[in-house]
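First up is the structure itself, then whatever we jot down about it.
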Amino acid sequence: MSSSRSTRRCFLVPEVVQTSAMDCGPAALTSLLEGFGISASYGRLREACQTDVDGTSIDTLEELAGKLGLIATQTMVPPEHLFLHEARVLPAIVVVKQPDGTPHFIIVWRRVGPLMQVMDPSVGRRWMTESSLRDQLFMHRMPVSPEQFRALATSDTFVEVLGRRLVDLGCVSESDAVLTRAAASDDWRPIALLDAATRMVADIVHSGGVRKGREAGSLLRSILERCKGEHPGEGSIPPAYWTGLPGGMSRDEEEGVWLHGVVVVAVRAGAHDGHVADASLASAELAAVLKEPPARPIRELLRMLRADGALGPAALLVALTFAAGVGLVETILMRGLVEVAGDLGVLKERMAGMGALVAFLLALLLLELPIAQSIRRIGRHLEVRLRVAFLTKLPRLADRYLSSRPTSDMANRSHALSAIRSFPDLGAQLVRSALSLLVTVGAIAWLHPPSAPLAILAGVVALAVPLASERVLSERDLRVRAHVGGLSRFYLDGLIGLVPVRTHGAERAVRREHESLLVHWARAARSLVRAAIVTDTLGSCLGFGLAALLLFRYVRGGGPLSEILLFSYWVLNLPVLGQSLAGAVRAYPGVRNTALRLLEPLGAIEEVRAEGMTEAAAPSTRGVALEFEGVSVVAGGHAILEEVDLRIAPGSEVAIVGPSGAGKSTFVGILLGWHRPVAGRVLVDGYPLDAAREDVLRRECAWVDPAVQLWNRSLADNMLYGMPAGAMGALPGALDAADLQQLLERMPDGMQTVLGEGGALVSGGEGQRVRLGRALLRRDARLVILDEPFRGLDRRKRRALLSRARAWWRGATILCVTHDMSETLDFGRVLVVEDGRIVEDGVPAALVEAPSSRYRAMLDAEKVVQRGFWSGGNWRKMTLRAGKLAEYGEDAPRLLPQVKGKRGRLRAVTASDLPQTALRAGSLVSPTTPVKPGGPKT
31 MSSSRSTRRC
41 FLVPEVVQTS
51 AMDCGPAALT
61 SLLEGFGISA
71 SYGRLREACQ
81 TDVDGTSIDT
91 LEELAGKLGL
101 IATQTMVPPE
111 HLFLHEARVL
121 PAIVVVKQPD
131 GTPHFIIVWR
141 RVGPLMQVMD
151 PSVGRRWMTE
161 SSLRDQLFMH
171 RMPVSPEQFR
181 ALATSDTFVE
191 VLGRRLVDLG
201 CVSESDAVLT
211 RAAASDDWRP
221 IALLDAATRM
231 VADIVHSGGV
241 RKGREAGSLL
251 RSILERCKGE
261 HPGEGSIPPA
271 YWTGLPGGMS
281 RDEEEGVWLH
291 GVVVVAVRAG
301 AHDGHVADAS
311 LASAELAAVL
321 KEPPARPIRE
331 LLRMLRADGA
341 LGPAALLVAL
351 TFAAGVGLVE
361 TILMRGLVEV
371 AGDLGVLKER
381 MAGMGALVAF
391 LLALLLLELP
401 IAQSIRRIGR
411 HLEVRLRVAF
421 LTKLPRLADR
431 YLSSRPTSDM
441 ANRSHALSAI
451 RSFPDLGAQL
461 VRSALSLLVT
471 VGAIAWLHPP
481 SAPLAILAGV
491 VALAVPLASE
501 RVLSERDLRV
511 RAHVGGLSRF
521 YLDGLIGLVP
531 VRTHGAERAV
541 RREHESLLVH
551 WARAARSLVR
561 AAIVTDTLGS
571 CLGFGLAALL
581 LFRYVRGGGP
591 LSEILLFSYW
601 VLNLPVLGQS
611 LAGAVRAYPG
621 VRNTALRLLE
631 PLGAIEEVRA
641 EGMTEAAAPS
651 TRGVALEFEG
661 VSVVAGGHAI
671 LEEVDLRIAP
681 GSEVAIVGPS
691 GAGKSTFVGI
701 LLGWHRPVAG
711 RVLVDGYPLD
721 AAREDVLRRE
731 CAWVDPAVQL
741 WNRSLADNML
751 YGMPAGAMGA
761 LPGALDAADL
771 QQLLERMPDG
781 MQTVLGEGGA
791 LVSGGEGQRV
801 RLGRALLRRD
811 ARLVILDEPF
821 RGLDRRKRRA
831 LLSRARAWWR
841 GATILCVTHD
851 MSETLDFGRV
861 LVVEDGRIVE
871 DGVPAALVEA
881 PSSRYRAMLD
891 AEKVVQRGFW
901 SGGNWRKMTL
911 RAGKLAEYGE
921 DAPRLLPQVK
931 GKRGRLRAVT
941 ASDLPQTALR
951 AGSLVSPTTP
961 VKPGGPKT
């Protein structure tokens with residue numbers, strides 16, 4: 031058993047740079063844990079943080095920090111509390127705002143003199159002045175009661191910090207008196223006034239308006255006396271200086287206070303023994319955070335290289351070492367040619383010398399060709415191995431892993447696989463430059479031993495400068511890649527939403543967002559280029575300066591001309607080799623960061639497959655028996671479902687209704703594996719729903735949802751996707767049941783007609799019927815999940831298809847999520863979900879009879895909307911059939927009059943021919959509704 035130890039804070043905060051744009055929370059928490067000596071896996075911590083495409087909740091960061099051995103407290107403090115030791119806030123996770131206004135997590139670690147040590151996950155460790163950090167703080171406001179604000183403002187910590195601020199202004203004599211009077215008041219306004227006046231006077235002193243000491247104290251007393259009877263925020267002190275302002279409470283409260291401040295998670299050391307601190311909250315994810323070793327992408331790439339055998343890389347290393355030695359022989363040979371050139375007087379002797387030189391150069395070429403071919407071959411093999419590993423891992427990843435990453439981010443990683451091919455070339459350049467540098471230093475020491483110490487120093491400098499700059503370049507390169515990923519996501523989203531953007535005239539907003547992203551990328555790229563230029567300049571100055579010193583000392587001692595030329599060549603080659611080494615080191619961060627992003631999915635937790643699970647006895651019923659026992663689900667740090675207790679008998683037909691965002695889709699998503707309960711358990715046929723049984727349940731499940739992907743393949747491929755081999759025989763019946771025959775008749779290539787990307791070549795209703803047809807091929811399904819299954823279809827068609835589906839899967843357990851209340855009346859059971867809880871559960875007929883039933887209220891509201899929509903006198907009802915607009919009568923549709931079009935041809939009346947009717951947001955609106963000319967068109 032490991033002994034408990036007290037974690038200590040290190041002086042320099044560890045650097046953890048985020049690998050994706052939304053990963054600042056896990057990266058900051060990883061750095062915070064490692065700063066207290068708790069080794070944590072960044073990848074596993076991202077899983078435990080439930081990081082989504084929108085980032086991580088600060089509540090989750092606070093909770094996980096406590097579970098993993100620290101004492102964490104989330105609070106709001108005035109900005110001055112971050113910079114004063116009396117506040118005892120640091121170290122802390124602090125919310126700042128990026129230039130585009132979005133929140134971002136950083137770590138403010140400690141204050142060292144006038145500088146603040148900060149770890150920004152987007153760039154790494156930074157040293158910032160107080161003013162620059164203050165400008166980036168994200169000021170939040172929260173409603174509190176007057177009693178709560180007064181308790182905060184009169185606490186020992188707040189009063190101590192306020193006293194320190196008064197002392198810093200030079201108001202030593204007044205500080206105790208004014209603090210005592212303000213804190214003794216039963217009202218919250220005096221202490222809030224003193225805080226705001228102190229902040230305002232501090233700004234005036236900082237700007238040079240008054241001096242510290244007597245002038246600042248006199249100004250403070252004057253402001254306090256003048257503002258004594260004023261309303262906070264409306265008098266002489268602007269609202270920006272107030273920590274507390276009136277308002278913010280609900281209407282039934284007499285008075286409330288808006289608390290303004292910075293949101294921080296203050297952390298201090300706790301007892302840690304290498305295990306999860308709270309055993310009752312321990313999980314496999316939290317255990318993996320502490321147990322998994324840190325990511326080492328280069329070591330993993332080397333392991334893949336050894337998979338083909340160590341002979342190839344070893345032979346390449348020997349060849350590179352031999353090539354570095356041959357370079358030394360080449361220079362010595364050149365020196366020999368200079369010495370014997372005068373002795374070769376006969377043409378035959380000169381031709382023999384030239385022939386020997388050409389033969390030597392050909393031998394060098396024959397040596398370089400196999401080296402280059404070997405490097406390319408190793409690069410291709412490495413890329414292929416990584417692609418195979420990536421494609422093998424992808425189907426095993428949990429759904430939550432994929433759903434928490436933007437599609438553009440994963441696409442960017444897959445496209446970056448080709449960059450791994452340059453890894454062996456980079457390694458060869460690094461090894462060759464280093465070996466050549468060592469050989470050259472040795473040759474200088476051999477030729478002129480007194481110059482050996484200075485030559486060694488030049489070699490060390492040529493090696494040390496690139497190696498010392500590697501971390502700086504790596505951080506900036508990863509930041510550039512993160513911004514490139516953000517731009518890729520923006521471009522993908524822009525292409526997908528191009529039609530809505532044009533429809534709603536949002537081009538200006540898109541351009542502003544694009545400009546902001548480009549500015550961030552340009553700044554990051556400029557920072558990278560600036561760091562590379564500084565590194566090259568420093569290395570060149572030091573290298574050529576030492577080379578000049580070496581050459582001067584050697585020439586001053588005299589010697590043969592051939593030796594001087596040879597010594598000059600080797601000495602001047604030192605900075606050149608240093609620059610080559612610097613180029614390899616500069617390229618290394620790009621390859622490392624690319625490998626880090628590519629290898630992160632390979633290290634993710636896999637789903638447990640069902641092949642290794644011992645099956646229980648065959649179920650006695652076709653339907654699935656479901657049981658939820660105190661199930662709670664949290665996603666992104668927010669509770670979606672809370673304490674759900676429910677039993678569903680096999681073969682039941684259950685409708686699930688409720689307002690949007692109530693948790694209906696999350697409820698069925700538990701069965702599909704999208705979410706894991708943080709509390710409680712789910713039983714399927716009496717067995718806990720773990721990852722293995724989840725895989726079995728998916729094979730026995732039919733799922734219809736608008737989110738089901740339609741591929742850019744044929745109708746047959748889309749219908750048969752994921753189906754067993756024998757599903758082809760059931761295809762005609764599924765086409766009939768899904769009402770796809772008419773669609774099939776219109777398709778030019780029949781079942782081989784391509785549907786387009788996301789089903790773009792078919793209508794929304796037709797795409798839904800294709801999704802239904804795919805699910806109908808699973809006729810033996812034991813669990814059927816219908817989540818808004820017929821969106822985009824008219825009411826009559828929805829009811830017909832729902833009846834067919836229920837008849838098709840008779841005997842299976844059916845869960846139907848819908849907003850159409852009238853469709854649920856003939857279900858055997860209905861669940862009403864609100865705010866993550868099941869508020870009603872019963873037979874629809876019984877719930878309708880209850881006067882206070884939420885189900886009845888929702889049903890009545892739907893009827894009112896339908897009557898008001900179809901029976902309102904201001905509405906003109908029309909219908910579209912076969913591309914023609916027609917008046918909708920009580921008995922049958924009636925075509926509108928025809929008007930002449932171009933060249934005298936008759937055409938149907940369209941919306942442009944009806945000036946009294948306007949199309950807005952895809953619906954016909956009342957003729958009395960004014961429409962601005964030139965507005966958005968749909």
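For the record, in the sequence shown the residue sitting at position 655 is 685 according to the working numbering, with numbers rising by one throughout. Backbone N, C-alpha and C fix where the C-beta goes; we use that ideal spot for every residue, glycine too.
Rounded to the nearest angstrom, the gap between the Cα atoms of V601 and D566 is 18 Å. Beta bridge pairing from DSSP links D890 with no other residue. Contact between I267 and L249 is absent: CB atoms are separated by about 12 Å, not below the 8 Å threshold. CA-to-CA, the gap between P327 and K827 works out to about 55 Å.
The three-state secondary structure of L719, taken from DSSP, is coil. Taking C-beta atoms under 8 Å as the contact rule, L447 and R417 qualify, at a distance of about 6 Å.
Annotated as proximal: R711 and E659, with beta-carbon spacing under 8 Å. Taking V126 as reference, the option from D165, R156, L727 with the minimal CA-CA separation is D165. Shown here, E260 sits in coil according to DSSP, grouped into three states, outside any helix or strand. Annotation for T533: the continuous alpha helix (DSSP H) segment containing it runs 528-533.
Annotated three-state conformation of H445 is helix, per DSSP. Within the DSSP bridge table, the entry for S662 names A709 as partners.
Taking a C-beta distance under 8 Å as the contact criterion, S499 and V615 qualify as a contact pair.
M334 and Y271 do not touch by the CB rule: their CB atoms are close to 59 Å apart, not below 8 Å. One thing to note: P108 has its Cβ no nearer than 8 Å to the Cβ of G409.
Residue state for H478 is assigned as coil, using DSSP reduced to three classes. Here the alpha carbons of V148 and A655 stand approximately 54 Å from one another. Taken atom to atom, the span from the alpha-carbon of G780 to that of T854 is near 36 Å.
By the criterion of a C-beta distance shorter than 7 Å, E110 is surrounded in its chain by V191, R195, once the five residues flanking it on both sides are discounted. A straight-line Cα-Cα distance of about 25 Å links S481 and A353.
Around the beta carbon of M888, 16 or more other beta carbons sit within 10 angstroms, so the residue counts as buried. In this structure, L62 lies away from L94, with their beta-carbon atoms at least 8 Å apart. In this structure, S852 is the residue among S852, E160, E255 with its C-alpha nearest to the C-alpha of Q896. Less than 8 Å divides the Cβ of V287 from the Cβ of G274. A distance below 8 Å between beta-carbons, with the five flanking residues on each side excluded, links S215 to the following residues of its chain, in chain order: I221. Within the same chain, and ignoring the five residues on either side of R677 in sequence, the residues whose Cβ sits closer than 6 Å to its Cβ are E657.
A Cβ-Cβ contact shorter than 8 Å links L120 with V138. Around the Cβ of M146, a 10 Å sphere holds 16 or more other Cβ atoms; the residue is buried. Shortest Cα-Cα distance from I253 to any of G265, A755, K907 involves G265. With contacts defined as CB atoms closer than 8 Å, G693 and G866 qualify as a contacting pair. In the three-state reduction of the DSSP assignment, R76 falls in the helix class.
Per DSSP, the continuous alpha helix (DSSP H) segment holding T565 begins and ends at 537-587.
In the displayed model, G65 falls within a helix according to three-state DSSP. Residue environment analysis places K97 among the buried positions, since at least 16 neighbouring C-beta atoms fall within 10 angstroms of its C-beta. Three or more Cβ pairs drawn from the stretch 806-813 and the stretch 741-753 lie within less than 8 Å of each other, which places the two stretches in contact. When DSSP assignments are scanned along the stretch 187-236, the uninterrupted stretches of alpha helix (DSSP H) that are 4 or more residues long and fall wholly within it turn out to be 202-214, 219-236.
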